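Chains as they are written, first to last, in the numbering used here: chain A, 78 to 387; chain B, 3 to 224; chain C, 868 to 1008. Glycine included, every Cβ here is placed at the ideal spot set by N, Cα and C. Keep in mind that this is a model prediction, so the values were computed, not measured.
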Amino acid sequence: MSDFKSESNLEKVLKAGHFAFTGECGPPKGANVEHLKEKISFLKGNVDAVNITDNQTAVVRMSSCAASAILIKEGVEPNFQMVCRDRNRLAIMSDILGAYSLGIRNMLCLSGDHQRFGNHPEAKNVYDIDSMQLIALVKKMRDEGKFMNGEDIDVPPRLFIGAASNPFAEPFEFRVHRLAKKINAGADFIQTQCIYNMDKFREFMKRAVDMGLTERCYILAGVTPMKSVGMARYMADSVPGMDVPDQLINRLKGAAKGKVAEEGVKFALEQIAEFREMKGVAGVHLMAIEWEHKVPEIAERAGMLPRPKV
Amino acid sequence: MIVADRKPLSEIQDMIKGRDNILIIGCKGCVTVCNVGGLKEVRILASSLRIAAKKEGYSLKVDEKVLERQCDPEYIEQVKSTIHDYDAVISMACGVGPQFLSEAYPDQKFFPAVNTTFFGGAVSHGIWEERCAGCGTCVIHYFDGMCPVARCSKSLLNGPCGGSNKGKCEISKDVNCIWDMIVKKKIEQDRLNDLLNFMPAKDWRTARDGGPRTSRREELIQ
Amino acid sequence: MEEAFEPQIIAFCCKYCAYAAADLAGSMRLNYPTNIKILQVPCTGRVDIIHLLRAIEDGADGVYVAGCLEGDCHFVCGNLKTRRKVEYVKKTLSELGIEPERVEMYNLSSAMGPRFAEIANEFGKRIKDLGPSPLRIKQAA
Chain A
78 MSDFKSESNL
88 EKVLKAGHFA
98 FTGECGPPKG
108 ANVEHLKEKI
118 SFLKGNVDAV
128 NITDNQTAVV
138 RMSSCAASAI
148 LIKEGVEPNF
158 QMVCRDRNRL
168 AIMSDILGAY
178 SLGIRNMLCL
188 SGDHQRFGNH
198 PEAKNVYDID
208 SMQLIALVKK
218 MRDEGKFMNG
228 EDIDVPPRLF
238 IGAASNPFAE
248 PFEFRVHRLA
258 KKINAGADFI
268 QTQCIYNMDK
278 FREFMKRAVD
288 MGLTERCYIL
298 AGVTPMKSVG
308 MARYMADSVP
318 GMDVPDQLIN
328 RLKGAAKGKV
338 AEEGVKFALE
348 QIAEFREMKG
358 VAGVHLMAIE
368 WEHKVPEIAE
378 RAGMLPRPKV
Chain B
3 MIVADRKPLS
13 EIQDMIKGRD
23 NILIIGCKGC
33 VTVCNVGGLK
43 EVRILASSLR
53 IAAKKEGYSL
63 KVDEKVLERQ
73 CDPEYIEQVK
83 STIHDYDAVI
93 SMACGVGPQF
103 LSEAYPDQKF
113 FPAVNTTFFG
123 GAVSHGIWEE
133 RCAGCGTCVI
143 HYFDGMCPVA
153 RCSKSLLNGP
163 CGGSNKGKCE
173 ISKDVNCIWD
183 MIVKKKIEQD
193 RLNDLLNFMP
203 AKDWRTARDG
213 GPRTSRREEL
223 IQ
Chain C
868 MEEAFEPQII
878 AFCCKYCAYA
888 AADLAGSMRL
898 NYPTNIKILQ
908 VPCTGRVDII
918 HLLRAIEDGA
928 DGVYVAGCLE
938 GDCHFVCGNL
948 KTRRKVEYVK
958 KTLSELGIEP
968 ERVEMYNLSS
978 AMGPRFAEIA
988 NEFGKRIKDL
998 GPSPLRIKQA
1008 A
């Protein structure tokens, strides 16, 4: 038996001490497999694993489990996201078993955006368990080989357990404690919310390092390059828990005509360079929202290529 | 108390369409306290329906009645002799009222005039807020008197989620993030350690999820 | 309905202001419509939604409440509370397809005799322009 919990590529990359680089892809709003394949073609070989979102922002899309299975066929490792909004514990456990059976080895445990934002605000939500309890559940299934009720699982799912952390949401002073709680519950790796406020993130990481959290868990810093001033404003004003300093908005505004996106990429590259040196940061999670074709260029310019073979 | 909101007049008018002799029954319980189905509101609804009928030129008789409670058979019985004098009956009680009436008088047609919304209280005159989800297993003592099951949009027991923003919930700037309040109170009281404990998944059998609930008090059963 | 339309108007007048102003208007020999039926109330706060609705229900073409100037209520805030009730009744009438302008709230002081006459004339004209209450039209027919 190996020492690996899941033998996923992401786990191996991290355990070998490489600086991990993960991407993200939203499944299509339909059964357009070709479109999904096109999007992931930009990510293939340029990242260690690709997060497949689960009805992200509560908008109905192809199931994250099915889209993850398509990725595997395409030779790209998925990081299967699951939210607690849409499933009760029965569906959660059966989806976990199904996902594992399809070859999925990474799973990100999330509460999920409230459906009131989404395209079916009339829906009933579930929230049978919360993201913390989901982490503990996946760990129990993997390490104890037991269902939530204590019954034995016939071939337990061996998953590399991920969780999200928003270092910027309030109350700020509690965020690092909640991170610790997720690690205690069983998170193997953490992907953070998009980072724009570097000062605040440095402070957050310092606390995490001081608490010894980075010894017990891999933290991947979230990066989303800004495409336009409008996007920056929207993120600042309308996306809950997002902290976009005016300084960055002004910097984008100051860019020459037609160069705003390039300025956004430059900022992202500066961030990645700093994260590589920052104590406790084990990698970067690049969320290039509807900008997948830009990933090869960003990976190249960030010096992330070639990705390690482990 | 149980809080409710009056249905729009047009919806109530649609319900009683074609009937010209109706009774409106209010309730002196919760719906009186939250000003939606007590004597005053019965009178207002009755008058509004009569105005509508007069305007359209048809005759409509609307009688008004208020019961002590509509959630106890002994009070439901008080309308026994008159309930069949009407084409239909509108109940202004919470969802319990029209059901108890229907059970007692299966031949009569009962309509609800209010939408029953939540268990809550008046935070100031004219404003009511939800406080309890009736989950059947109270946990508020873990959270310094604030219930995340009822008051967190996601009923998180290990909050706050990443959508908490300046003390507000991600669903709306008008909704307080109860988890923000819980964390702040724990910090103020120097009890933040309480929140570092993992809260295990809830047993929802005691909530509605376990099926319709019955409460039996053996010492009272006759 | 051949003859000229003479609106039936109910005015709920607070005894500390509007009712006294009506007296003053009388002693000043100011003209205002005679078809306004004035009801004295101890404070406009006493006027409830049901009173306004009943007036409409029983055939009034218009109803108004006249209370003290805002901030001058003898009982602190009766006039402010009743302004909200008037708004509620306006909303109810709208829902029923009846002109909400048939109900109004006015504020004045006891010294404002001419203003009382002005309000009475103004509201009388408004209702005259609106025509008879739809409830009366149907009943006559």
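Report yes or no: do three or more beta-carbon pairs, one from the segment 933–944 of chain C and one from the segment 905–925 of chain C, lie closer than 8 Å?
yes
**Prompt:** What is the C-beta distance between residue 195/A and residue 167/B, in whole angstroms, given that I count them as a contact (C-beta under 8 Å)?
**Reply:** Not really, about 18 Å apart at Cβ, beyond 8 Å.
Review point. If you scan the segment 164–213 of chain A from start to end, which runs of the beta strand (DSSP E) of 3 or more residues do you find wholly inside it?
Key: 183–187
Q | Contact set for residue 922/C: own chain, Cβ-Cβ below 6 Å, skip 5 residues either direction | A | 877 and 930
Would you give the residue range spanned by the alpha helix (DSSP H) that residue 181/B belongs to?
180–190
Around the C-beta of residue 231/A, are 16 or more other C-beta atoms found within 10 angstroms, so that it is buried, or is it exposed? exposed
Query raised in the report: Are the C-beta atoms of residue 964/C and some chain B residue less than 9 Å apart?
Result: yes
Task: C-alpha distance - residue 892/C paired with residue 44/B, whole-angstrom precision - done: 39 Å
Could you tell me the alpha carbon to alpha carbon distance between residue 320/A and residue 95/A, rounded to whole angstroms?
29 Å
Worksheet item: Just the Cα atoms here: how many angstroms apart are residue 925/C and residue 99/B?
Response: 31 Å
Exercise. Using a cut-off of 7 Å between C-beta atoms, extract the partners of residue 89/B located in chain A.
Key: Neighbours of residue 89/B on chain A: none; closest Cβ ~34 Å, over 7 Å.
Is there a Cβ from chain B that is less than 9 Å from the Cβ of residue 896/C? no
Original post:
Where does residue 101/B sit, in a helix, a strand or coil, going by DSSP?
Top reply: helix
Hey, could you find the ends of the alpha helix (DSSP H) residue 254/A is sitting in?
249–262
| request: Could you list which residues in chain A have their beta carbon closer than 7 Å to that of residue 185/B, in chain order? | output: 248 and 251
Inset, instruction - Count the other C-beta atoms from every protein chain shown that fall within 10 angstroms of the C-beta of residue 162/B, then say buried if there are 16 or more, exposed otherwise. - result: buried
task: Say whether chain A places a C-beta atom closer than 9 Å to the C-beta of residue 162/B.
output: yes
Query raised in the report: Which word fits residue 131/A, buried or exposed, when buried means at least 16 other C-beta atoms lie within 10 angstroms of its C-beta?
Result: buried
*asked:* Any beta carbon from chain A within less than 9 Å of residue 169/B's own beta carbon?
replied: yes
| Using a Cβ-Cβ distance under 9 Å, would residue 62/B count as near chain C? | no
Item to complete: Report the rounded CA-to-CA distance for residue 189/A versus residue 166/A, giving the unit in angstroms.
Response: 15 Å
Open item on the list: Rounding to the nearest angstrom, what Cα-Cα distance links residue 170/B and residue 179/B in this structure?
Closed with: 5 Å
Under 9 Å between C-beta atoms of residue 348/A and residue 272/A: yes
For this session: Following the continuous alpha helix (DSSP H) through residue 946/C, name the residue where it begins and the one where it ends.
Result: 945–962
By the 8 Å beta-carbon criterion, what residues does the segment 938–959 of chain C contribute toward chain B? 959
| request: Whole angstroms is fine: what's the gap from residue 116/A's alpha carbon to residue 251/A's? | output: 37 Å
Between which two residues does the beta strand (DSSP E) carrying residue 23/B extend?
23–29
request  = Sort out for me which residues DSSP pairs residue 974/C with in a bridge.
outcome  = 934/C
Check residue 78/A in the structure and name its three-state DSSP category. Only weak support is given to the placement of residue 78/A: the predicted model assigns it a pLDDT of 45, under 50, and the value that follows is read from those uncertain coordinates. In this structure, residue 78/A counts as coil in the three-state DSSP scheme.
- With DSSP as the reference, label residue 11/B as helix, strand or coil. helix
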